[in-house]
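Working notes for the structure below.
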Amino acid sequence: EETPVLDLRELRAHMRKLQQEITKGESRGLKTSYKVIDAKELIGWANHLLGLKLSDEQIRELAKELGFWRNACKVVFHVVIGYYDEAMQNAHRMLEAFRTDLSDFWSALSQGTFLLEVAYHI
C-alpha cells in the first residue's frame, strides 16, 4: 500500500494568515504570549484527530519523547539567538531524559522484557 502524499499548502497558507493577524495586532499594541501545551494534552489532541487508540502507557511514552525533542529544539534555538544559559539548561534536561531512557533500555534488556517486546512486534 502506497503512503499518501501529505499536502501542507493549506496549512502553510493558514499559518501565514495567522502570522499576519498577529503582526497587525502587535502593531496596534496587542500583547502576545506563548503558552507551552502539556505534552499529554497535545498527544491527546493528535490521538483524537487521527482516530488512534493509544493506551495510557503509550501516551506516557510519547510524552517523554516529545519532551526530549522539545528540549533539543530549544537548545538549538537558544544557541542560535545567543541565549547560552537557557541553551545549557535545556541541554541538561535533554541529556537527563536521554540518560533515563538509556537506563530504562538497559534495565529492560537485562530483564529480558525488551527482547519479548521485540519478538511480539515481529
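The numbering used here numbers the first residue of the sequence shown as 7 and each following residue consecutively.
By construction, the Cβ of each residue, glycine as well, lies at the ideal position given by its N, Cα and C atoms.
Considering Thr29, what are the terminal residues of the alpha helix (DSSP H) in which it resides? 15 to 33
How many angstroms separate the CA atom of Ala93 from the CA atom of Glu47? 25 Å
Under the rule that 16 or more other beta-carbon atoms within 10 Å means buried, what is Met100, buried or exposed? buried
Counting Cβ pairs closer than 8 Å, one from the segment 17 to 36 and one from the segment 44 to 58, do we hit at least three? no
Where do the ends of the alpha helix (DSSP H) carrying Val42 lie? It is not in any alpha helix (DSSP H) - Val42 carries neither H nor E in the DSSP assignment.
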